Amino acid sequence: MSSSSQTKHPSIILYIWPSQWELPSFDPLCLAAVLYLQLAIPRQFSVIECSSPDGSPTGQLPCLVHEQYAVALYPSIVKYISGLQTADFKTYPRADLDASLSHKEKAQKVAWHAHAESHLGDLVYHYLYSNQENWRKLTGTALASMFPVPQKYYVPQRIRDSYRERLLAAGLWKNFVEETAESPFPRDVKPLETKKELHKNPAISQAFERGKVLQKVQTELDIYQKLLDGKSFIFRNQLSSVDVLVAAHILLLTNPPYPDVLLKNLLVEIYPTLSSHAQSVFNAALGEGKSLSCIPPPSLSLWDVIPSWPKGHASKKQSTDEEIQYRKIRWGFFGLALGSLVTYLSIISPRPSVWQDAEDNNENNNSHTGTEGRAI
Amino acid sequence: MASFFSVPAPLVRFNARFPLALHPPIHPRARGPITAPTLWIAPPSDNLLSSDVECLKWQAYLALRGLKDVRLRWDIAPEGSIGGALPNLHVPIAISLLKSERLSHSDGAEDGELLAAHSIPTWVDAKLGVDSAEDPLEGYVDPEARIESRAWVALLEGVVHAALPTQMISQPRPSYFHSLIFPASTPPTSESLQKILLPPPPPLAGYLSFIPPTPNAVRINNSAIISQYRDAIKSLSERLGTDKWFLGSSAPTPLDALAFAYIHRILHSPDIIRIEVTRRVNLVAWEWRVRCLVRDGFVR
Numbered sequence: 001m002s003s004s005s006q007t008k009h010p011s012i013i014l015y016i017w018p019s020q021w022e023l024p025s026f027d028p029l030c031l032a033a034v035l036y037l038q039l040a041i042p043r044q045f046s047v048i049e050c051s052s053p054d055g056s057p058t059g060q061l062p063c064l065v066h067e068q069y070a071v072a073l074y075p076s077i078v079k080y081i082s083g084l085q086t087a088d089f090k091t092y093p094r095a096d097l098d099a100s101l102s103h104k105e106k107a108q109k110v111a112w113h114a115h116a117e118s119h120l121g122d123l124v125y126h127y128l129y130s131n132q133e134n135w136r137k138l139t140g141t142a143l144a145s146m147f148p149v150p151q152k153y154y155v156p157q158r159i160r161d162s163y164r165e166r167l168l169a170a171g172l173w174k175n176f177v178e179e180t181a182e183s184p185f186p187r188d189v190k191p192l193e194t195k196k197e198l199h200k201n202p203a204i205s206q207a208f209e210r211g212k213v214l215q216k217v218q219t220e221l222d223i224y225q226k227l228l229d230g231k232s233f234i235f236r237n238q239l240s241s242v243d244v245l246v247a248a249h250i251l252l253l254t255n256p257p258y259p260d261v262l263l264k265n266l267l268v269e270i271y272p273t274l275s276s277h278a279q280s281v282f283n284a285a286l287g288e289g290k291s292l293s294c295i296p297p298p299s300l301s302l303w304d305v306i307p308s309w310p311k312g313h314a315s316k317k318q319s320t321d322e323e324i325q326y327r328k329i330r331w332g333f334f335g336l337a338l339g340s341l342v343t344y345l346s347i348i349s350p351r352p353s354v355w356q357d358a359e360d361n362n363e364n365n366n367s368h369t370g371t372e373g374r375a376i
Numbered sequence: 001m002a003s004f005f006s007v008p009a010p011l012v013r014f015n016a017r018f019p020l021a022l023h024p025p026i027h028p029r030a031r032g033p034i035t036a037p038t039l040w041i042a043p044p045s046d047n048l049l050s051s052d053v054e055c056l057k058w059q060a061y062l063a064l065r066g067l068k069d070v071r072l073r074w075d076i077a078p079e080g081s082i083g084g085a086l087p088n089l090h091v092p093i094a095i096s097l098l099k100s101e102r103l104s105h106s107d108g109a110e111d112g113e114l115l116a117a118h119s120i121p122t123w124v125d126a127k128l129g130v131d132s133a134e135d136p137l138e139g140y141v142d143p144e145a146r147i148e149s150r151a152w153v154a155l156l157e158g159v160v161h162a163a164l165p166t167q168m169i170s171q172p173r174p175s176y177f178h179s180l181i182f183p184a185s186t187p188p189t190s191e192s193l194q195k196i197l198l199p200p201p202p203p204l205a206g207y208l209s210f211i212p213p214t215p216n217a218v219r220i221n222n223s224a225i226i227s228q229y230r231d232a233i234k235s236l237s238e239r240l241g242t243d244k245w246f247l248g249s250s251a252p253t254p255l256d257a258l259a260f261a262y263i264h265r266i267l268h269s270p271d272i273i274r275i276e277v278t279r280r281v282n283l284v285a286w287e288w289r290v291r292c293l294v295r296d297g298f299v300r
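Heads up: the sequence lines are chains S and L, in that order. Numbered according to the UniProt record's numbering, the first sequence spans residues 1 to 376. Numbered according to the UniProt record's numbering, the second sequence spans residues 1 to 300.
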């Protein structure tokens with residue numbers, strides 16, 4: 001934890017998905033953001049683990065908050081932190097990991113950000129969310145353990161559905177074919193088995209899907225292996241934001257204990273350069289002796305079921321004496337205006353004449369009846 | 001054949017108040033035999049260049065590969081094309097991909113063959129007599145450029161596509177209540193944004209609330225999209241530099257067709273998006289030069 005002399009939390013706060021499987025976060029973009037910040041501005045930021053994007057100021061994770069600025073999404077976070085080096089060199093001397101790249105390489109870096117996020121991201125999301133076995137045994141249970149009782153039952157499925165459109169468009173969403181369970185009461189006479197259609201046969205369809213996905217995995221990883229090309233880093237043998245992004249995705253393909261070990265074997269045997277690159281980036285950021293300072297997240301309660309307006313993030317600045325005085329004068333003015341209005345209305349308004357008329361009428365009537373009575 | 005029961009007269013009189021309206025028959029449009037390859041595209045905004053990015057991309061591909069005198073037609077709705085997606089290429093049977101004597105003399109041979117967008121490169125190869133699969137570099141200068149082109153394609157189809165006005169970033173979207181009351185009238189643009197944006201946009205009411213998420217009600221972070229788009233255009237302009245074609249290629253490549261389609265579309269978009277490209281002189285000049293090339297390849 002932070003040293004005892006520094007009790008103030010650093011002003012840069014990063015909101016991420018929670019940590020799982022010995023990695024700081026199980027979402028590739030959040031993991032990449034954490035690794036980048038740890039390399040660029042170590043010990044000058046802290047991390048809040050939100051179990052759902054509703055807890056972040058912009059509604060998406062990862063999200064960086066620095067005093068009154070809120071920045072979402074990895075490329076924007078990288079750009080902001082790099083800007084800190086030019087803005088405040090003394091406090092953040094090494095904030096820009098890409099400072100030594102040429103203009104052409106900086107342009108290529110933007111393109112590689114987009115490609116890695118979309119293509120490698122699709123692969124990671126497929127293995128986390130679409131693959132039914134992984135979902136049931138690994139990701140679903142992990143997500144469910146992060147939420148308290150009412151949310152535990154519907155939120156993981158909602159999070160999974162939000163990735164469905166994207167994976168469908170990429171051709172990586174598997175529609176799960178239910179396996180018909182063997183009935184526990186075997187019949188003596190089995191009904192004639194009709195030939196099952198191929199796509200309804202669970203074993204064969206799963207094998208096809210797995211083959212298709214592995215083909216895609218190999219195509220994408222080939223590109224990155226050629227990009228790395230035996231060097232230790234992508235650009236000029238120096239760590240850059242693209243390395244961090246690629247490493248984060250590869251770590252999330254190798255580290256989690258997936259029930260389906262085919263992918264891990266593939267990565268270790270056919271793409272050893274990629275896995276070793278990812279491991280070296282991880283060690284550089286979070287090796288021995290380095291730790292993250294975490295702020296405990298706000299706990300979820302039953303009130304979160306009711307939708308609330310997206311939370312603002314502006315920190316309340318301490319009001320100065322002048323502002324307090326102005327506030328008092330302002331309230332005094334309003335009070336005076338209101339009070340004088342009430343006084344004016346009460347003065348000029350006529351006496352409650354309605355009641356008086358009624359009383360007069362009553363008196364007249366009484367006097368009439370009285371006179372009549374006396375007359376009679 | 002006389003029926004046992006006849007309809008009672010009062011019922012007949014009652015039914016006569018609601019006569020059956022007979023509309024004139026709709027005849028299919030008269031079509032002549034097809035003589036030249038015709039590309040079916042979304043209607044053009046100006047002089048022969050389609051207003052849809054996908055169609056424009058294929059138009060540019062055909063023109064940049066050197067084909068001339070390709071006809072265009074834009075009166076076909078997207079539902080009438082293969083896969084529900086324009087563009088499609090309609091070719092006469094003589095130069096189609098299926099070369100068979102029997103087929104060219106069969107009924108309906110004058111209708112030619114309709115190709116979906118993904119079959120267009122194969123057809124162009126067959127027409128020009130080239131085999132693209134022979135070239136391992138795919139027209140790029142070196143293997144690194146070929147790998148890099150994948151990254152640029154991902155950038156254009158992801159970040160730049162998300163900022164286009166078809167995604168309604170720059171136009172007001174119907175409010176959440178409007179989409180609840182009239183669910184069918186809201187355009188499904190959010191669906192395509194959900195496919196492009198990473199991480200997926202969160203539902204308006206939040207993940208944790210009891211209101212179930214609807215596909216159209218998502219919270220889209222416009223400022224983040226615009227800022228990423230700015231970076232993308234800046235890097236695109238940086239990479240083009242003063243080259244004739246992207247990545248220093250000597251001849252136009254599919255990446256050039258894609259880039260031209262997006263830049264042309266951006267230049268016909270609202271100011272907030274357009275200004276990023278108009279600031280970069282090299283992109284404007286490049287687009288102007290390629291536009292003349294592309295327009296020459298088509299006739300009405």
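All C-beta atoms, glycine included, are put in the ideal place defined by N, C-alpha and C. Quantities reported herein were computed from a predicted structural model and do not represent experimental measurements.
Out of the options, which one is the CA nearest neighbour of residue i?
i, options, result
"D271(L)", "V130(L), L204(L) and I226(L)", "I226(L)"
"L252(S)", "T320(S), Y129(S) and K216(S)", "Y129(S)"
"V141(L)", "R279(L), H264(L), L255(L) and V281(L)", "L255(L)"
"P33(L)", "E113(L), G83(L), P143(L) and A251(L)", "E113(L)"
"K234(L)", "A257(L), L283(L) and L208(L)", "L283(L)"
"L267(S)", "Q218(S), D229(S) and I223(S)", "Q218(S)"
"V281(S)", "F334(S), A32(S), Q20(S) and Y224(S)", "A32(S)"
"R274(L)", "D243(L), L164(L) and T253(L)", "L164(L)"
Using a C-beta to C-beta distance shorter than 8 Å, which residues of chain S count as neighbours of residue i?
i, result
"V159(L)", "A114"
"P143(L)", "K226"
Starting from the beta carbon of residue i, find every residue of chain L whose beta carbon is closer than 8 Å, and list them in chain order.
i, result
"T58(S)", "N221 and A224"
"K106(S)", "S235 and E238"
"A72(S)", "N221 and A224"
"P75(S)", "Q228 and D231"
"S100(S)", "Within 8 Å Cβ-Cβ: nothing; S100(S) doesn't reach chain L, min ~17 Å."
"S19(S)", "Correct list: empty, because the minimum Cβ distance to chain L is about 17 Å."
What in chain L is Cβ-close to residue i, meaning under 7 Å?
i, result
"Y163(S)", "P200"
"S158(S)", "Correcting the residue type first, residue 158(S) is Arg in the shown sequence and not Ser. Neighbours of R158(S) on chain L, chain order: Y207 and P213."
"S52(S)", "Y207 and L208"
May I ask which residues mark the beginning and end of the alpha helix (DSSP H) holding residue i?
i, result
"H103(S)", "H103 to H115"
"Y74(S)", "Y74 to A87"
"L255(L)", "P254 to L267"
"W40(L)", "Careful: W40(L) lies outside any alpha helix (DSSP H), inside the beta strand (DSSP E) at T38 to W40."
"R160(S)", "V149 to S162"
For residue i, which residues of its own chain have a beta-carbon under 7 Å away from its beta-carbon, when the five flanking residues on both sides are left out?
i, result
"H313(S)", "Legend: pLDDT at H313(S) = 48, less than 50; position of this residue unreliable, no value from coordinates given."
"R73(L)", "T38 and W40"
"S52(S)", "V155"
"L61(S)", "Y15, I16, W17, D27, C30, C50 and P53"
"Y163(S)", "Y125 and Y129"
"A162(L)", "L193, I196, L197 and I225"
"A285(S)", "L35, Q38 and L39"
"I263(L)", "V277, L283 and E287"
"I82(L)", "N88, L114 and A116"
Tell me which residues share the same chain as residue i and place their Cβ nearer than 6 Å to its Cβ, disregarding the 5 neighbours each side in the sequence.
i, result
"A205(L)", "I211"
"Q228(L)", "V159"
"P19(L)", "none"
"R280(L)", "S237"
Leaving out the 5 sequence neighbours to the left and right, which residues in its chain are closer than 8 Å to residue i when beta-carbon positions are compared?
i, result
"S45(L)", "S51 and H268"
"I13(S)", "F45, S46, V47, I48, L64, V65, H66 and I295"
"A9(L)", "none"
Could you spell out where the beta strand (DSSP E) holding residue i opens and where it closes?
i, result
"S45(L)", "P44 to D46"
"L14(S)", "I12 to I16"
"F334(S)", "Run containing F334(S): none in the beta strand (DSSP E); it sits in the alpha helix (DSSP H), D321 to I348."
"R73(L)", "V70 to R73"
Please list, in chain order, the chain S residues whose beta carbon lies closer than 9 Å to that of residue i.
i, result
"E148(L)", "Q108, A111, W112 and L227"
Since residue i meets chain S, which of its residues come closer than 7 Å, beta carbon to beta carbon?
i, result
"K195(L)", "E165, R166 and A169"
"A116(L)", "Here the premise fails: no neighbours, minimum Cβ distance about 16 Å."
Listing by chain order, which chain L residues have their CB less than 9 Å from the CB of residue i?
i, result
"S241(S)", "Those within 9 Å of S241(S) in chain L number zero; the least Cβ separation is about 12 Å."
"V155(S)", "Y207 and L208"
Exercise. Would you list, in chain order, the members of the segment 210-229 of chain L that have their beta-carbon closer than 7 Å to a beta-carbon of chain A?
Key: This model lacks chain A altogether; the protein chains it does include are S and L.
Self-check item: Length-filtered (4 minimum) alpha helix (DSSP H) runs lying within the segment 249-297 of chain S
Solution: With a minimum length of 4 residues, the continuous alpha helix (DSSP H) runs that stay inside the segment 249-297 of chain S are 262-270 and 272-286.
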